[in-house]
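The next block holds one structure in the form of structure tokens; read it before the comments.
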Amino acid sequence: MFQPATTTEPDRYAESRDIWNLNAHFWIEHFGAEGNDFHRVLVAPAAEWLLALKGGEHVLEVSCGSGLFARRIIDLGAESVVAFDYSKVFVDEARKRNEGYEDKIEFLVLDATDEQAMVRELMPRSGKKGFDKALSNMGEYPLGLIHMQEQTW
């Protein structure tokens, strides 16, 4: 059974992060600027429905990849987005693609398994009332593929 690496296991964590950084360009190309068919037809509509944005929300996105959905969240009416990924390559790409959204989206390199870093980095950015909504629509994507493979084989 697949077990994700965490910061409490430095060797596995470093290996996992390095693999994501090495493969990030494949995923960036695969999804493009607007997402692939899987994302556009299945993931994005479901995430949009679950978020049920009404306008003006402050949203947290975990595992943002190249920032595709963070931009979509703003287009749907959110006031601001704090989005993070633990792959520096993904975050660098997200920042490059952020033209026109600079005052609405902040991209961070941050690991969701590092509780202390999450508190340190996100608390000051959460505003007086905290985040209104949070999502991770791509963080589980690889795990879903692993689960499908385990069920198939």
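Take 1 as the starting number for the sequence shown in UniProt numbering and just add one per residue. All residues carry an ideal CB built from backbone N, CA and C; glycine is no exception.
With distances taken between CB atoms, is the gap from residue i to residue j smaller than 7 Å?
i, j, result
"alanine 80", "lysine 104", "Checking the displayed sequence, the identity of residue 80 turns out to be serine instead of alanine. Result yes, Cβ atoms of serine 80 and lysine 104 sit closer than 7 Å."
"valine 91", "valine 109", "yes"
"glycine 127", "histidine 58", "yes"
Given this structure, state the Cα-to-Cα distance separating residue i from residue j, to the nearest angstrom.
i, j, result
"valine 119", "serine 136", "17 Å"
"leucine 68", "alanine 33", "7 Å"
"lysine 96", "alanine 14", "25 Å"
"alanine 47", "threonine 113", "22 Å"
"alanine 94", "alanine 70", "9 Å"
"asparagine 21", "leucine 51", "28 Å"
Might you give, ordered along the chain, the residues of its own chain that have their beta carbon closer than 7 Å to the beta carbon of residue i, omitting 5 neighbours on each side?
i, result
"alanine 78", "Leu53, Glu57 and Val59"
"valine 43", "Asn137"
Buried or exposed: residue i, going by 16 or more other Cβ atoms within 10 Å of its Cβ?
i, result
"glycine 130", "exposed"
"arginine 40", "exposed"
"phenylalanine 26", "exposed"
"glutamate 61", "buried"
"phenylalanine 38", "exposed"
"isoleucine 19", "exposed"
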